[in-house]
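Asker:
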Amino acid sequence: SGLVAGLLAQDMPAFDAAAAAVWTHNEVAHAFGPGMISEDMPELLPGILQRLDKRGKLFQGV
Numbered sequence: 821s822g823l824v825a826g827l828l829a830q831d832m833p834a835f836d837a838a839a840a841a842v843w844t845h846n847e848v849a850h851a852f853g854p855g856m857i858s859e860d861m862p863e864l865l866p867g868i869l870q871r872l873d874k875r876g877k878l879f880q881g882v
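So our numbering is basically just the index in the sequence shown, starting at one, shifted up by 820.
1. Check whether the Cβ atoms of valine 842 and methionine 861 sit closer than 8 Å, and answer yes or no.
2. If you draw a straight line from the alpha carbon of proline 854 to that of glutamate 863, how long is it in whole angstroms?
3. Express the C-alpha separation of leucine 872 and proline 866 in angstroms, rounding to a whole number.
4. Give the secondary structure of aspartate 831 by DSSP, where H, G and I count as helix, E and B as strand, and everything else as coil.
5. What is the rounded straight-line gap between the Cα of leucine 827 and the Cα of glutamate 859?
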């Protein structure tokens with residue numbers, strides 16, 4: 821996915837990038853609810869990344 825590619829471009833190890841992308845997709849799905857499609861992600865992703873950034877600064881510049 822684009823999220824994984826963005827994390828890899830920031831030199832995040834591949835396993836960590838995959839795990840972070842899975843977690844992020846899960847958080848977006850929980851925030852959106854049933855019926856989510858890929859086009860719904862951009863709307864919710866900034867809020868999810870801000871929450872994650874407050875927790876541990878994993879996403880730098882994404």
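Backbone N, C-alpha and C define an ideal beta-carbon position, used for all residues, glycine too. Note that this is a predicted model, so its numbers are computed, not measured.
Answerer: Reading from the atomic positions:
1. no
2. 15 Å
3. 10 Å
4. DSSP, reduced to helix, strand and coil, places aspartate 831 outside both helices and strands of the structure shown, so it counts as coil.
5. Approximately 20 Å between the Cα atoms of the pair.
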